[in-house]
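Accompanying notes for the structure given below.
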Amino acid sequence: MTIKSKILPLLCIYFASFFTSAFGDKPLVIGIKEAPPFVFKDKGELKGITIDLWKTIFSKEEFTTKELTLEELLVQIKEDRIQTGLGAISITRDRETYLNFSTPYYESGLAIATKLNSAPLFYYLQVIKKIVGALIPWIFLLFIVGLFIWLVERTKNADQFHKPIKQGIVAGIWWACVTMTTVGYGDKTPKSFIGRLAAIIWMFSGIILISSLTATITTSLTVDRLQSSVQSIADLEKRKTGVARGTSAVEFMEERGLGKIEFESLEMGMDALNGGEIHAFVHDKPIMKHLISKQFAGSIEVLNLPLNKELYAFPVNENNAALLEKLNRKIVEMIESGEMSKIINKYLLK
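Numbered per the numbering used here, the sequence shown spans residues 10 to 359.
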């Protein structure tokens, strides 16, 4: 028997044992977390940047998928119940304490989304709505004061506060208006003791009430402007800011001591932002931009204000060195050959 014939079987046994140790006897089990354009379903078929990348690397291996939340996906990799996860999974300081990550295949970062206030007509309608809302109780109060002054003046001062109810109430409301605003034309003045006492009380009350009304309207308009003026990370301290539970945005906000409102998903957060429940939302920039282009175009914008740098990679159990080695080698090959750029541009340049 020749040396060649002896070595060949040994090599076969070696490679067989390598792949058995790396992937086991069963097909790979992969966790899936939808995050368009990295992972999404199109007519029931999984597509996206990460899906295409995975299929290119493991074109000859069988694998099954398991849909999970991001938190479930990371935990199950740690517990070695699944081999890796496909989505838009970034490398963070916390995740690196219990997982290994492949060579990064995409670089992006967190960004801020805000409501787009580009329609002046909408803004002015909102202003008018607030002013009308504030004036309604005042109109009711003027009616009550006008009715009261007419009731006490109609007998002794009938020439100024006419006895017919319609004319009398109109005269009373007119007096209440000019007295409250301190204009005081003098064409109508109470003559009875109760009427004059009411006039004194109403004059001082009017000064306070007018100041209060002015402050209410000014404050509401100022708040509207503040809500749409997020220009830096510091501005988030004064805004209701949303994040998706379990994402790197949660860690980002906590590290900086910034308040946050957690939502179950990016979609729920965007709905809240669009509905005015929150003022800003922090999430992965490419994922937010993709969702906004599909569902919130013209309503929400992503600010050109990168908050940090994030690297997307495949998370792997710390003991699965063989899988990690294959991922690293293939990713580097695809980056150098330009194949990685083709896959990314296929989805991000649409």
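Glycine included, C-beta positions come from ideal geometry on N, C-alpha and C. None of these values were measured; they are calculated from a predicted model.
Residues near residue i in its chain [Cβ-Cβ closer than 7 Å; skip 5 each side]
| i | result |
| --- | --- |
| LEU333 | ASN109, SER111, VAL325 |
| ILE182 | LEU151, PHE152, GLY155 |
| GLY118 | LYS294, PRO315, LEU316, ASN317, LYS318, GLU319 |
| CYS186 | LEU151 |
| SER346 | none |
| TYR107 | LYS87 |
| CYS21 | Note that CYS21 scores a pLDDT of 48, beneath 50, so its modelled location is shaky; the value from the coordinates is reported in the next line. Within the same chain, CYS21 has no close Cβ partners at all. |
| GLU263 | none |
| ASN329 | GLN92 |
Closest residue to residue i among the options (Cα-Cα distance)
| i | options | result |
| --- | --- | --- |
| GLY278 | ASP51, ILE158, ARG254 | ARG254 |
| SER201 | GLN169, ILE217, ILE174 | GLN169 |
| LEU282 | MET262, SER308, HIS299, LYS298 | SER308 |
| ASP293 | THR93, ALA120, VAL84, ILE91 | ALA120 |
| PRO295 | GLU54, HIS288, ASN313, ILE287 | ASN313 |
| VAL252 | TYR115, PHE149, SER274, GLU342 | SER274 |
| ILE104 | ALA322, LYS351, ALA330, THR227 | Reading off the sequence, residue 104 comes out as Arg, not Ile. With distances taken between Cα atoms, ARG104 lies closest to ALA322. |
| LYS139 | GLY285, THR227, ASP89 | THR227 |
| ILE219 | ALA143, LEU245, ILE287 | ALA143 |
| ALA44 | ASP89, GLY94, VAL84 | GLY94 |
| ILE148 | GLY215, ILE352, ARG163, ALA167 | GLY215 |
| GLY285 | LYS351, ARG248, LEU267 | ARG248 |
| ILE287 | LYS269, LYS303, SER302 | LYS269 |
| TRP159 | LEU134, GLU116, ILE145, PRO199 | PRO199 |
| THR223 | ASP244, GLN240, VAL239, THR190 | THR190 |
| TYR115 | LEU62, ILE178, ILE174 | LEU62 |
| LEU336 | LEU82, GLN240, PRO113, THR106 | PRO113 |
| SER221 | SER302, LYS303, PRO146, VAL84 | PRO146 |
Cross-strand partners of residue i (DSSP beta bridge)
| i | result |
| --- | --- |
| GLY251 | ILE270, PHE290 |
| TYR321 | SER99, TYR115 |
| ASN109 | VAL325 |
| GLY40 | LYS75, GLY94 |
| VAL239 | Answer is none; VAL239 lacks a bridge partner. |
| LEU55 | LYS50 |
| VAL311 | ALA122 |
Neighbourhood of residue i by C-beta, 8 Å cutoff - its chain only, sequence neighbours within 5 removed
| i | result |
| --- | --- |
| LEU125 | GLY307, SER308, ILE309, GLU310 |
| ARG265 | ILE242 |
| SER257 | SER99, THR101, LEU119, ASP293, GLU319 |
| THR4 | Limits of the chain in this structure are 10 at one end and 359 at the other, which puts residue 4 out of reach. |
| LEU358 | none |
| GLU246 | LEU267, GLY268 |
| VAL341 | THR112 |
| ARG163 | PHE170, HIS171, LYS172, GLY177 |
Expected contact under 8 Å - CB spacing of residue i and residue j to nearest Å
| i | j | result |
| --- | --- | --- |
| ILE41 | GLY96 | 7 Å |
| THR225 | TRP211 | Wrong, their Cβ atoms sit about 20 Å apart, outside the cutoff. |
| ALA180 | LYS165 | Rounded, the Cβ-Cβ distance is 14 Å, inconsistent with contact. |
| PHE363 | THR250 | Coverage of the chain is limited to positions 10 through 359, which leaves residue 363 absent and any answer about it impossible. |
| MET297 | ALA122 | 5 Å |
| VAL161 | GLY204 | 5 Å |
| GLU276 | LEU300 | 7 Å |
| ALA207 | PHE157 | 7 Å |
| PHE49 | LYS56 | 6 Å |
| LYS75 | ILE91 | 6 Å |
| THR101 | GLU260 | 6 Å |
Close Cβ partners of residue i (< 6 Å) along its chain, the five nearest in sequence each way excluded
| i | result |
| --- | --- |
| CYS79 | Per the sequence shown, residue 79 should be read as Leu rather than Cys. Around LEU79: LYS42, GLY255. |
| TYR356 | PRO46, ILE58 |
| ASP89 | ASN326 |
| GLU54 | none |
| PHE72 | PRO36, LEU37, ILE39 |
| LEU82 | GLY40, LYS42, GLY94 |
| LEU235 | Here the model assigns LEU235 a pLDDT of 48, short of 50, so the residue's position is not dependable, and the following value carries that caveat. So no residue of the chain qualifies. |
CB contact check: residue i to chain B, cutoff 8 Å
| i | result |
| --- | --- |
| LEU125 | The chain labelled as chain B is not found in the depicted structure, where only one protein chain is given. |
- Task: Entirely within the region 138 to 194 and at least 4 residues each: give me those alpha helix (DSSP H) ranges in chain order.
- Result: 174 to 189, all fully within the region 138 to 194.
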